[in-house]
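**Student:** Add 11 to a position in the sequence shown, counting from 1, and you land on the number used in this note's numbering. Just so it is clear, CB atoms sit at the ideal spot from N, CA and C, and this is done for glycine as well. Since the model is a prediction, treat every value here as computed from it, not as a measurement. One structure follows; several queries about it will come next.
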Amino acid sequence: MAFLKAFALASLAGFALAAVPEWGQCGGIGYTGDTACASGLVCTKQNDFYFQCLAGTATTTVSSTTTVKSSSSSSTVKSTTTTSGPAPTGFVTTSGTKFMLNGAKYTVVGSNAYWPALLGYSASDIDKAFADIAGSGATTVRTEGFNEVTSASGVYFHLWNGKTATVNTGSNGLGALDVLIASAKAHGIRVIIALTNNWSDFGGMDVYTQQLLGSGQPHDAFYTNPTVIAAFKTYVQAVVSRYVNEPTVMAWELANEPRCAGSNTQASSTCTPSTISTWAADISSFIKSIDKNHLVALGDEGFFNQPGSPDFVYQGTLGIDFTANMKISSLDFGTFHMYPESWGETANPDSQTWGNKWINDHATVMKSANKPVIMEEFGLTAASRNTTYASWYSTVVSSGLTGDLIWQAGSQLTNGPTPNDGYAIYPTDPVYQLMQSHAAALKARG
Numbered sequence: 012m013a014f015l016k017a018f019a020l021a022s023l024a025g026f027a028l029a030a031v032p033e034w035g036q037c038g039g040i041g042y043t044g045d046t047a048c049a050s051g052l053v054c055t056k057q058n059d060f061y062f063q064c065l066a067g068t069a070t071t072t073v074s075s076t077t078t079v080k081s082s083s084s085s086s087t088v089k090s091t092t093t094t095s096g097p098a099p100t101g102f103v104t105t106s107g108t109k110f111m112l113n114g115a116k117y118t119v120v121g122s123n124a125y126w127p128a129l130l131g132y133s134a135s136d137i138d139k140a141f142a143d144i145a146g147s148g149a150t151t152v153r154t155e156g157f158n159e160v161t162s163a164s165g166v167y168f169h170l171w172n173g174k175t176a177t178v179n180t181g182s183n184g185l186g187a188l189d190v191l192i193a194s195a196k197a198h199g200i201r202v203i204i205a206l207t208n209n210w211s212d213f214g215g216m217d218v219y220t221q222q223l224l225g226s227g228q229p230h231d232a233f234y235t236n237p238t239v240i241a242a243f244k245t246y247v248q249a250v251v252s253r254y255v256n257e258p259t260v261m262a263w264e265l266a267n268e269p270r271c272a273g274s275n276t277q278a279s280s281t282c283t284p285s286t287i288s289t290w291a292a293d294i295s296s297f298i299k300s301i302d303k304n305h306l307v308a309l310g311d312e313g314f315f316n317q318p319g320s321p322d323f324v325y326q327g328t329l330g331i332d333f334t335a336n337m338k339i340s341s342l343d344f345g346t347f348h349m350y351p352e353s354w355g356e357t358a359n360p361d362s363q364t365w366g367n368k369w370i371n372d373h374a375t376v377m378k379s380a381n382k383p384v385i386m387e388e389f390g391l392t393a394a395s396r397n398t399t400y401a402s403w404y405s406t407v408v409s410s411g412l413t414g415d416l417i418w419q420a421g422s423q424l425t426n427g428p429t430p431n432d433g434y435a436i437y438p439t440d441p442v443y444q445l446m447q448s449h450a451a452a453l454k455a456r457g
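The structure is reproduced here in structure tokens:
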């Protein structure tokens with residue numbers, strides 16, 4: 012599902028800092044900023060280009076560091092104080108079709124929340140949102156680690172000026188992601204972070220191709236053009252290196268819903284599932300070369316490549332081959348999404364049959380590949396979705412599927428409700444109680 016934009020973004024104020032805070036850059040080739048870490052932190056080498064201040068403290072200080080071609084605004088934000096679970100320690104790994112943490116099974120269950128770091132929310136509002144998410148029984152939240160813009164306004168992560176890209180590490184940039192991670196940590200929740208978007212919401216792939224190659228490029232130039240690939244790797248390195256030793260991050264995802272075509276750009280005649288598979292192998296291997304701690308996934312919708320199938324999500328025409336991608340050694344787990352309404356999969360959008368088959372088909376591939384698979388986005392807008400979700404949840408448990416994340420979490424915050432695209436689940440929604448029951452069942456499953 013494309014991330015949906017909200018408006019009236021509020022920027023965060025900045026203040027000068029005397030020392031580099033947690034997660035901030037403190038050294039590396041080409042670095043010219045401060046090198047002294049705040050009290051209790053140690054400047055730790057991640058690679059030749061990135062040294063970072065690391066250690067746990069009682070407060071989270073938003074980064075004021077400057078990477079190559081980055082902004083230098085800063086602020087100090089107190090971390091969350093309400094805890095719903097133990098603060099994450101250790102890194103999530105895999106064993107067969109399971110996720111593991113410190114020698115025990117780790118259950119992935121929870122929600123998507125694209126908005127906390129992007130829409131100018133205060134630290135207290137973000138804390139309220141994560142408290143609501145934790146209250147549903149969630150262990151995991153999927154969010155976005157990108158926001159490509161061509162004009163500096165509000166919150167943004169990546170600013171393009173012609174062919175020159177700048178990573179914003181200030182309080183209205185990756186510093187906002189710092190606050191999100193601190194809040195997740197306080198509530199015992201781990202996060203999955205997508206690094207770009209197939210769609211135009213919050214920038215996405217087409218910003219890279221249009222800025223570097225000009226207009227009129229096919230969408231899939233993002234996957235094949237060497238200049239574009241190099242630019243994306245530069246951004247990936249800046250984000251991944253920032254959190255390389257942070258256990259609150261469960262996994263990196265290469266993109267949200269990669270396809271051959273985008274929001275407003277078409278696919279070239281040469282884009283096939285192997286185009287994206289080749290790109291996925293390259294980018295995931297690159298991430299593994301700079302981050303040995305975190306899991307990596309594609310972030311795709313889980314389409315199959317079965318030419319001749321009467322169902323378009325099985326035909327391979329969209330550029331994804333779920334079965335082939337599960338064989339990529341540098342991808343640690345598989346993902347799929349499920350939106351029967353918007354995909355036109357049934358005349359009755361409340362029908363459970365197609366969704367249950369979709370879940371079972373992915374569970375079958377999961378067992379064959381012997382890797383975890385999560386249904387990381389799913390949703391209905393229909394009034395009777397509670398009944399359908401109950402059926403889908405039951406199938407997740409019975410099929411052995413590793414886990415699931417609903418689209419999307421909702422909260423009532425200081426200035427009103429968080430964004431609702433028709434799928435949001437607020438704590439007063441009957442589905443919220445269903446989520447609690449499902450989380451307990453999934454955690455209890457062997």
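1) Whole angstroms is fine: what's the gap from K116's alpha carbon to D189's?
2) Considering only DSSP beta bridges, list what N545 is partnered with.
3) Kindly confirm or deny that the stretch 268-287 and the stretch 120-134 touch, where touching means at least three C-beta pairs closer than 8 Å.
4) I'd like to know whether the C-beta atoms of I436 and D415 end up nearer to each other than 8 Å.
5) Between the Cα of L329 and those of M337, K338, Q317, spot the shortest distance and give me the residue it belongs to.
6) Could you check whether I204 and S252 sit closer than 8 Å to each other, using their CB atoms as the reference points?
7) Decide if V88 is buried, meaning its Cβ has at least 16 other Cβ atoms within 10 Å, or exposed.
8) Rounded to whole angstroms, what's the CA-CA distance from A149 to L112? Just pull it up for me.
9) Tell whether a beta-carbon distance below 8 Å holds between G181 and G131.
10) Would you identify the three-state DSSP class for T425, choosing helix, strand or coil?
11) Exposed or buried, what is P351 when buried is set at 16 or more other beta-carbons lying within 10 Å of its beta-carbon?
12) Taking DSSP's pairing of strands, which residues face N267 in a bridge?
13) Which partner residues of I385 appear in the DSSP bridge assignment?
14) Just list the residues that DSSP pairs K109 with in beta bridges.
15) Just how far apart, CA to CA, sit T357 and G227?
16) Would you call the CB atoms of G273 and W210 closer than 8 Å?
17) Using a Cβ-Cβ cut-off of 8 Å (strictly less than) and excluding sequence neighbours within five positions of N371, which residues of its own chain qualify?
18) Thinking C-beta only, is M446 closer than 8 Å to Q413?
19) Which class does L10 belong to by DSSP, given the choice of helix, strand or coil?
20) Which residues does DSSP list as the beta-bridge partners of A420?
21) From A374, N208, A145, pick the residue whose C-alpha is nearest to that of M216; which is it?
**Tutor:** On the basis of the supplied data:
1) Here the alpha carbon of K116 sits roughly 27 Å from the alpha carbon of D189.
2) With the chain covering only 12 through 457, there is no way to say anything about residue 545.
3) With contact defined as three or more Cβ pairs closer than 8 Å, the stretch 268-287 and the stretch 120-134 are not in contact.
4) No.
5) The shortest Cα separation from L329 among M337, K338, Q317 belongs to Q317.
6) By the CB criterion at 8 Å, S252 and I204 fall outside the cutoff.
7) At V88 the pLDDT is 27, less than 50, meaning the model places this residue with poor confidence; the figure from the coordinates comes in the next sentence. By the 16-neighbour rule on beta-carbons within 10 angstroms, V88 is buried.
8) Near 16 Å, if we compare the C-alpha coordinates of L112 and A149.
9) Remark: C-beta atoms of G181 and G131 do not approach each other more closely than 8 Å.
10) Three-state result, T425: coil.
11) The residue is buried, with at least 16 neighbouring Cβ atoms inside 10 Å.
12) Answer by DSSP bridge pairing, in chain order: N208.
13) T346, G414, per the DSSP bridge assignment.
14) S106.
15) One Cα belongs to T357, the other to G227, and the distance between them is close to 35 Å.
16) Judged by their CB atoms, G273 and W210 are nearer to each other than the 8 Å cut-off.
17) Hits under 8 Å: T406, S410.
18) Strictly speaking, residue 413 in this sequence is Thr, with Gln absent from that position. Contact: no.
19) The requested residue 10 does not occur in the structure, where the chain is confined to residues 12 to 457.
20) Under the DSSP definition of a beta bridge, A420 partners with I436.
21) Nearest option by C-alpha distance: N208.
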